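Numbering follows the working numbering, with no gaps: position 156 of the sequence shown is 156.
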Amino acid sequence: MVQNEGKRKKPGRYMDLKTDHGFKTAFSEKHEKLMRSLLNGIFEGQKKIVEVKHLPLEQLGFKPEDRDTIYDLHCKDELGARYIVEMQVARQKYFMERCWLYAAAAILKQAKKGKKWDYGMKPLFVIAILNFNLTEDSTDYISCYSLMDEKTKEKASDKVQFIIIELSKFNKTLAELETDLDRWLYCMKHLAELLEQPAELKGEIFDELFELADLKTLTEEDMTTYEKSFERCYGAELAADYAMERGMEKGIQQGREQGIQHGILYTAKRMKEKGLDLELIVSVTGYTPEQLRNMGLN
Numbered sequence: 001m002v003q004n005e006g007k008r009k010k011p012g013r014y015m016d017l018k019t020d021h022g023f024k025t026a027f028s029e030k031h032e033k034l035m036r037s038l039l040n041g042i043f044e045g046q047k048k049i050v051e052v053k054h055l056p057l058e059q060l061g062f063k064p065e066d067r068d069t070i071y072d073l074h075c076k077d078e079l080g081a082r083y084i085v086e087m088q089v090a091r092q093k094y095f096m097e098r099c100w101l102y103a104a105a106a107i108l109k110q111a112k113k114g115k116k117w118d119y120g121m122k123p124l125f126v127i128a129i130l131n132f133n134l135t136e137d138s139t140d141y142i143s144c145y146s147l148m149d150e151k152t153k154e155k156a157s158d159k160v161q162f163i164i165i166e167l168s169k170f171n172k173t174l175a176e177l178e179t180d181l182d183r184w185l186y187c188m189k190h191l192a193e194l195l196e197q198p199a200e201l202k203g204e205i206f207d208e209l210f211e212l213a214d215l216k217t218l219t220e221e222d223m224t225t226y227e228k229s230f231e232r233c234y235g236a237e238l239a240a241d242y243a244m245e246r247g248m249e250k251g252i253q254q255g256r257e258q259g260i261q262h263g264i265l266y267t268a269k270r271m272k273e274k275g276l277d278l279e280l281i282v283s284v285t286g287y288t289p290e291q292l293r294n295m296g297l298n
């Protein structure tokens, strides 16, 4: 049973896996089986992961002036392959470029200290789960990108792959769920709307998920953290949606680029008035603090 489907006025019975707190709780080191189940669902038919070890989320820059990188989830399997898993709710400018930078930071960390390095590296997979359409010209909800020859489509290397999952394009009903990945994507999209655990989502893995996601089991401190995460998640999503709509409206009248900037600035000001921090505003708009100030954000 689903409650208030599509509405996000307040938390329901279960944690929303699209929120920062919900996502990181469900796939934390404490619940390694869930992380392993998700990865095996994504790579079903390609590989079988039997062990997952969580790695530090923060990757420090090599020099003091370098920017640090912080992942949502970061782990490796028993063969040493690395996985960076990100949840992104709101549209973000240059999102794919951000994925490349995440990959670059993880690749550089594999460089061994010393005079000799043979440039061998373990495979790296950047998995981005999006609650919006990254592309509009395809109905496929899973896309895989790698380095390949444009003519022959032959892979130049299989060491780095980008897997993009667009939840907004995943429209299967409970009755249509066939694989574990189907079940995971359904939970990511709809868990917060459910009033009870459906029969289609029963079993050891999903029983554990529903138990830990039940808001009644959270401590008062964890509930406060989750509520703040919930507000940030959907405040950012609605702000980004409004920026896009506002920008397009103004773009018709003033020229596309100028109009979009107007919408972005208006949204940034509204977010600031609501008490949202600059880091979140930068993340949603895709503009640097300096660019926003130059546009008129005080």
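Each residue gets a CB set at the ideal place from its N, CA and C atoms; glycine is no exception. Just so you know, these numbers come straight off a predicted model, no measurement behind them.
Using DSSP bridges, identify the partner residues of residue 166.
-> DSSP lists 130 as partners of residue 166.
Distance, Cα to Cα, residue 345 vs residue 136?
-> The chain is shown only over 1 to 298; residue 345 falls outside these bounds and no answer can be derived.
Euclidean distance between Cα positions of residue 206 and residue 169 = In this structure, the alpha-carbon of residue 206 lies about 22 Å from that of residue 169.
Compare the beta carbon distance of residue 131 and residue 181 with 8 Å and say whether it is the shorter of the two.
-> Between residue 131 and residue 181, the C-beta gap is not smaller than 8 Å, which leaves the two residues out of contact.
Close-in-space but distant-in-sequence residues of the same chain around residue 121 (CB under 8 Å, 5 per side omitted) | Excluding positions up to five away in sequence, the list reads 107, 110, 159.
Between the segment 13-29 and the segment 209-218, are three or more C-beta pairs nearer than 8 Å?
-> Counting Cβ pairs under 8 Å, three or more are found: they touch.
Neighbourhood of residue 66 by C-beta, 6 Å cutoff - its chain only, sequence neighbours within 5 removed | Legend: pLDDT at residue 66 = 44, less than 50; position of this residue unreliable, value from coordinates given subsequently. Excluding positions up to five away in sequence, the list is empty.
Got a sec? Which residues, its chain only, sit under 8 Å from residue 76 by beta carbon, not counting five neighbours each side?
-> Counting only residues of its own chain and dropping the five nearest sequence neighbours on each side, residue 76 has a CB closer than 8 Å to the CB of 52, 53, 55, 82, 83, 122.
Do residue 187 and residue 20 have their C-beta atoms closer together than 8 Å?
-> Result no, Cβ atoms of residue 187 and residue 20 do not sit closer than 8 Å.
If you scan the segment 159-225 from start to end, which runs of the alpha helix (DSSP H) of 4 or more residues do you find wholly inside it?
-> Within the segment 159-225, the complete alpha helix (DSSP H) runs of at least 4 residues are 180-190, 204-213.
Residue 20, enclosing beta strand (DSSP E) - first and last residue = Counting along the chain, residue 20 falls outside any beta strand (DSSP E), though it belongs to the alpha helix (DSSP H) covering 20-26.
Test item: CB-CB of residue 192 and residue 165 under 8 Å | For residue 192 and residue 165, no; Cβs fall outside 8 Å.
Endpoints, alpha helix (DSSP H) assigned at residue 299 = Residue 299 lies beyond the stretch modelled for the chain, which goes from 1 to 298, so this question has no answer here.
Which two residues bound the contiguous beta strand (DSSP E) that contains residue 49?
-> Note, residue 49: premise wrong, no beta strand (DSSP E); not H, not E.
Roughly how many angstroms separate the alpha carbons of residue 23 and residue 189, rounded to a whole number?
-> Spanning the two alpha carbons is a distance of roughly 12 Å.
Could you spell out where the beta strand (DSSP E) holding residue 82 opens and where it closes?
-> Element bounds for residue 82: 82-88.
Hey, could you find the ends of the alpha helix (DSSP H) residue 101 is sitting in?
-> Residue 101: member of the alpha helix (DSSP H) spanning 95-108, first to last residue.
For residue 266, the residue or residues it bridges with in DSSP = Under DSSP, no beta-bridge partner is assigned to residue 266.
For residue 229, count neighbouring C-beta atoms within 10 Å of its own C-beta (all shown protein chains included) and say buried if the count is 16 or more, exposed if not.
-> The residue in question, residue 229, is buried, as its Cβ has 16 or more Cβ neighbours within 10 Å.
Is DSSP giving residue 73 helix, strand or coil here?
-> For residue 73, the three-state secondary structure derived from DSSP is strand.
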